[in-house]
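S.K.: A single structure is presented below for examination.
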Amino acid sequence: MNRTLLAILFIIFPAVSLANEVEVLHWWTSPGENAAVNVLERQLSDKGLKWKDFGVEGGGGSNAMTVLKSRVISGNPPAAAQIRGKGIQEWASLGLLREIDDVARKEQWDAKLPEMVSDTLKFQGHYVAAPVNIHRNNWLWVNPEAFRKAGQKIPETWEDMFRVAPKLKEAGYIPLAYGGEPWQASAIFESVLLAKGGAEFYRQAMVDNDPAALTSKTMIKTFKAMARMRGLFDQNSSRRSWDQATQLVIDGKAAMQLMGDWAKGEFLLQGKQPGIDFLCIPAPGTKDTFVYNIDSFVMFNMPDEQQKRAQQSLASLLMNADFQRAFNQKKGGIPALDLRADQEIDSCAQKSRRDFNRSMEQGTLVPSTTHGMAAGERVQHVVSEVVSQFINDPHADPTKAVKQLSLAIQTLK
Numbered sequence: 152m153n154r155t156l157l158a159i160l161f162i163i164f165p166a167v168s169l170a171n172e173v174e175v176l177h178w179w180t181s182p183g184e185n186a187a188v189n190v191l192e193r194q195l196s197d198k199g200l201k202w203k204d205f206g207v208e209g210g211g212g213s214n215a216m217t218v219l220k221s222r223v224i225s226g227n228p229p230a231a232a233q234i235r236g237k238g239i240q241e242w243a244s245l246g247l248l249r250e251i252d253d254v255a256r257k258e259q260w261d262a263k264l265p266e267m268v269s270d271t272l273k274f275q276g277h278y279v280a281a282p283v284n285i286h287r288n289n290w291l292w293v294n295p296e297a298f299r300k301a302g303q304k305i306p307e308t309w310e311d312m313f314r315v316a317p318k319l320k321e322a323g324y325i326p327l328a329y330g331g332e333p334w335q336a337s338a339i340f341e342s343v344l345l346a347k348g349g350a351e352f353y354r355q356a357m358v359d360n361d362p363a364a365l366t367s368k369t370m371i372k373t374f375k376a377m378a379r380m381r382g383l384f385d386q387n388s389s390r391r392s393w394d395q396a397t398q399l400v401i402d403g404k405a406a407m408q409l410m411g412d413w414a415k416g417e418f419l420l421q422g423k424q425p426g427i428d429f430l431c432i433p434a435p436g437t438k439d440t441f442v443y444n445i446d447s448f449v450m451f452n453m454p455d456e457q458q459k460r461a462q463q464s465l466a467s468l469l470m471n472a473d474f475q476r477a478f479n480q481k482k483g484g485i486p487a488l489d490l491r492a493d494q495e496i497d498s499c500a501q502k503s504r505r506d507f508n509r510s511m512e513q514g515t516l517v518p519s520t521t522h523g524m525a526a527g528e529r530v531q532h533v534v535s536e537v538v539s540q541f542i543n544d545p546h547a548d549p550t551k552a553v554k555q556l557s558l559a560i561q562t563l564k
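Residue 152 is where the sequence shown starts when you use the numbering used here, and the numbers rise one by one after that.
Okay, structure coming up:
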């Protein structure tokens, strides 16, 4: 997008919105996510503001970004939009986002947020986004009854995973629930890569995009493991969304799912109890690491002063401790605020907070590529497409896939 053209469009086609109305773009459309959105809508209403929902289906957010670009180019952006990680910097560099330093200073955001979170929300030292949570991506969601019936232990390594899969199939279960969306393939790839190479290698490959790491034997081993993943899925996997895959675990049709902790919201919505009806375990081989993703909202420049005040109220609410607790009881993450583990609502959230804090201390906290934390939108798209195509092609060669991924990423540099 050309910055000058966008500025002209904003003048010619000024955004139109009711003064007390806040239009917010997001992609939280699953049942559990809807429950979390309802918390935000209610608490915004308590502030005298009307929520105008702008939800776009598609769990990875790519559809929402396409719609957002169209709205911005037409000169009619929403008041706020769900943008994460490197995407915040990309949109801010176009001059489209308003700074919210006034709210951040008044409410002491720097003191309340871990530094790695606050840095993500800033552009050139200024806050341009407000967070609602921290998600852990490398979770394995387990139906314990499936393992009891199959007489198997829950896998701690990928070799364990491949070993127990036939036994789970014999007991009538899909070993691993999966949906064929490219971002879901990428999410699994992150966990496998982390298990094969560790946090430092992950950063070299996915954050630094180091050619040596991208073409290494470790990367080839990762793709070989991804090839074996095909035997864990069922034939209908390409036709389902992430929350439909979660439902298979809830319903006792699948034994496991690799997914971020937004999946927990689906379990909780249906009255399932962590530690009893389902288990939350770090993905095989990743128990000492934490792949993170931060849900956050940016505010677009608005000409109307009342709209600006409404945006400030929204930003303030998003950073309210009570709101973040209530919201994440439904959404599944942990508050972005720097809280103690014993302040979290359930055992999975407590485990997530402890692991997050330990990973920060040990240097094993790594950003998600799948969700735009490690790299910008173009690299995010390339990784998702290459990995997805590889999984979907039973004849794909791991070495060739590694070369394809490396070349595609380096071409973007």
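Here a beta-carbon is modelled for each residue, glycine too, at the ideal position from N, C-alpha and C. Note that this is a predicted model, so its numbers are computed, not measured.
(1) Going by beta carbon distance, what residues of the same chain come within less than 8 Å of K564, once the five residues before and after it are set aside?
(2) To the nearest angstrom, how far is the alpha carbon of P326 from that of F298?
(3) Tell me the DSSP secondary structure of Q424 in three-state form.
(4) DSSP three-state call for Y324: helix, strand or coil?
(5) Is the stretch 375 to 387 touching the stretch 311 to 331, taking contact as three or more C-beta pairs under 8 Å?
(6) Since K203 is in the beta strand (DSSP E), which residue starts that stretch and which ends it?
(7) The alpha helix (DSSP H) that contains Y443, what's its start and end?
(8) Report the partner residues of Y278 according to the DSSP bridge assignment.
(9) Note down the Cα distance separating A191 from Q303, rounded to an integer number of angstroms.
(10) With three or more beta-carbon pairs closer than 8 Å as the criterion, would you say the stretch 180 to 188 touches the stretch 199 to 211?
(11) Roughly how far, in whole angstroms, is the beta-carbon of A281 from the beta-carbon of F448, given that I think they are within contact range, below 8 Å?
(12) Measuring from the CB of I496, is there a heavy atom of the ligand GTP at a distance below 6 Å?
(13) Just to confirm my understanding: we take D544, look at its own chain, exclude 5 residues before and 5 after, and list those with CB closer than 7 Å. What are they?
(14) Can you find the residues in the same chain that come closer than 6 Å, C-beta to C-beta, to N444, ignoring five residues on each side of it along the sequence?
(15) If you draw a straight line from the alpha carbon of A500 to that of L490, how long is it in whole angstroms?
(16) Under the three-state reduction of DSSP, which class applies to L245: helix, strand or coil?
(17) Quick check on this structure: which residue in P182, R509, T217 has the alpha carbon closest to the alpha carbon of F418?
(18) Alpha carbon to alpha carbon, what distance is there between V530 and W253?
(19) Note down, one range per segment and in chain order, each beta strand (DSSP E) of at least 3 residues found wholly within the stretch 484 to 533.
(20) Less than 8 Å between C-beta atoms, sequence neighbours within five positions excluded: which residues of the same chain meet that for P362?
(21) With a 10 Å radius around its C-beta and 16 neighbouring C-beta atoms as the bar for buried, classify M267 as buried or exposed.
(22) Going by DSSP in three states, A547 sits in which element: helix, strand or coil?
(23) Starting from L291, follow its DSSP beta bridges and name the residues at the other end.
(24) Beta carbon of A346, beta carbon of P435: below 7 Å?
(25) Could you tell me the boundaries of the alpha helix (DSSP H) in which V173 lies?
(26) Can you tell me where the alpha helix (DSSP H) with A477 in it begins and where it stops?
(27) May I have the straight-line CA-CA distance separating W292 from G426, to the nearest angstrom?
(28) Mind checking L319: buried by the 16 CB within 10 Å criterion, or exposed?
(29) Ignore the nearest five residues each way along the sequence and tell me which others in V533's own chain have a CB closer than 8 Å to its CB.
(30) Is it buried or exposed for Q355, if we count other Cβ within 10 angstroms and need 16 for buried?
(31) Since A232 is in the alpha helix (DSSP H), which residue starts that stretch and which ends it?
(32) Got a sec? Which residues, its chain only, sit under 7 Å from S168 by beta carbon, not counting five neighbours each side?
(33) I'd like to confirm the pairing. Which residues does DSSP put opposite N189 in its beta bridges?
(34) Leaving out five residues on either side along the sequence, give the residues of the same chain with a beta carbon under 8 Å from the beta carbon of N214.
(35) Which residues in the same chain as A322 place their Cβ atom closer than 6 Å to its Cβ, once the five residues preceding and following it in sequence are excluded?
(36) Starting from D252, trace the alpha helix (DSSP H) both ways and give me its first and last residue.
M.R.: In this structure, then:
(1) Taking the first residue of the sequence shown as position 1, residue 564 is located at position 413. Cβ neighbours of K564 beyond the five flanking positions: N360.
(2) Along the sequence shown, read from residue 1 onward, the residue named residue 326 stands at position 175. Along the sequence shown, read from residue 1 onward, the residue named residue 298 stands at position 147. P326 and F298: Cα-Cα distance of roughly 10 Å.
(3) Here residue 424 corresponds to residue number 273 of the sequence shown, with the count starting at 1. Residue state, collapsed to three classes: coil.
(4) Here the question's residue 324 lines up with position 173 in the sequence shown. Residue state, collapsed to three classes: coil.
(5) yes
(6) Numbered from 1 along the sequence shown, position 52 holds the residue referred to as residue 203. It spans 201 to 206 - the beta strand (DSSP E) in which K203 sits, taken as one unbroken run.
(7) For the purposes of this step, residue 443 is taken as the residue at position 292 of the sequence shown. Looking at the DSSP string, Y443 is not in any alpha helix (DSSP H); the run it does join, the beta strand (DSSP E), is 441 to 450.
(8) Along the sequence shown, read from residue 1 onward, the residue named residue 278 stands at position 127. DSSP lists K273 as partners of Y278.
(9) Numbered from its first residue, the sequence shown carries residue 191 at position 40. Numbered from its first residue, the sequence shown carries residue 303 at position 152. In the sequence under discussion, the amino acid at residue 191 is Leu, which differs from the Ala named in the question. Cα to Cα, the separation comes out at about 42 Å.
(10) yes
(11) As a position in the sequence shown, residue 281 is number 130, starting the count at 1. As a position in the sequence shown, residue 448 is number 297, starting the count at 1. Yes, they are in contact, since the Cβ atoms of A281 and F448 sit about 6 Å apart, within 8 Å.
(12) Absence of the ligand GTP is noted for the structure shown, with no ligands found whatsoever.
(13) Here residue 544 is taken as the residue at index 393 of the sequence shown, counted from 1. Same-chain partners within the cutoff: there are none.
(14) For this step, residue 444 is matched to residue 293 along the sequence shown. So the qualifying residues of the chain are H286, N288, S519, H522, M524.
(15) In the sequence shown, counting from the first residue as 1, residue 500 sits at position 349. In the sequence shown, counting from the first residue as 1, residue 490 sits at position 339. Distance between the alpha carbons of A500 and L490 is about 11 Å.
(16) Here residue 245 corresponds to residue number 94 of the sequence shown, with the count starting at 1. Residue state, collapsed to three classes: coil.
(17) Translated into positions along the sequence shown, residue 418 becomes position 267. Out of P182, R509, T217, P182 has the C-alpha closest to the C-alpha of F418.
(18) Within the sequence shown, the letter at position 102 stands for residue 253. Within the sequence shown, the letter at position 379 stands for residue 530. Position check: residue 253 holds Asp in this sequence, whereas Trp was assumed. Cα to Cα, D253 sits roughly 33 Å from V530.
(19) 516 to 518
(20) Counting from one through the sequence shown, the residue named residue 362 turns up at place 211. So the list reads S557, Q561, once near-sequence residues are dropped.
(21) Here residue 267 refers to the residue found at position 116 when the sequence shown is read from its first residue. By the 10 Å Cβ count, M267 comes out exposed.
(22) Here residue 547 is taken as the residue at index 396 of the sequence shown, counted from 1. Looking at A547 - three-state DSSP - the assignment turns out to be coil, as it is neither helix nor strand.
(23) Along the sequence shown, read from residue 1 onward, the residue named residue 291 stands at position 140. Answer is L409, I432, bridged to L291.
(24) Here residue 346 corresponds to residue number 195 of the sequence shown, with the count starting at 1. Here residue 435 corresponds to residue number 284 of the sequence shown, with the count starting at 1. Yes, the Cβ-Cβ distance between A346 and P435 is below 7 Å.
(25) Position 22 of the sequence shown holds residue 173. Run containing V173: none in the alpha helix (DSSP H); it sits in the beta strand (DSSP E), 172 to 177.
(26) Your numbering for residue 477 matches position 326 in the sequence shown. Where A477 is concerned, the enclosing alpha helix (DSSP H) stretches over 472 to 482.
(27) Within the sequence shown, numbered from 1, the residue matching residue 292 stands at position 141. Within the sequence shown, numbered from 1, the residue matching residue 426 stands at position 275. Looking at the two C-alpha atoms, the distance is approximately 11 Å.
(28) Position 168 of the sequence shown, counting from 1, holds the residue named residue 319. Result: buried.
(29) Position 382 of the sequence shown, counted from the start, is the residue given in the question as residue 533. Excluding sequence neighbours, V533 sits near L556, A559, I560, L563.
(30) As a first step, residue 355 is located in the sequence shown; it is residue number 204 there, counting from the start. Result: buried.
(31) Translated into positions along the sequence shown, residue 232 becomes position 81. Unbroken run through A232 is the beta strand (DSSP E), 231 to 233; no alpha helix (DSSP H).
(32) Counting from one through the sequence shown, the residue named residue 168 turns up at place 17. Any reading at S168 must be qualified, since the residue scores a pLDDT of 48, below 50, and its modelled position is unreliable; no value is offered.
(33) By 1-based counting over the sequence shown, the position of residue 189 is 38. Bridge partners of N189: none, in fact.
(34) Numbered from 1 along the sequence shown, position 63 holds the residue referred to as residue 214. The residues are W178, V207, E208.
(35) Looking up residue 322 in the sequence shown gives position 171. So the list reads K300, A301, once near-sequence residues are dropped.
(36) Here the question's residue 252 lines up with position 101 in the sequence shown. Taken as a continuous stretch (DSSP letters only), the alpha helix (DSSP H) holding D252 covers 252 to 257.
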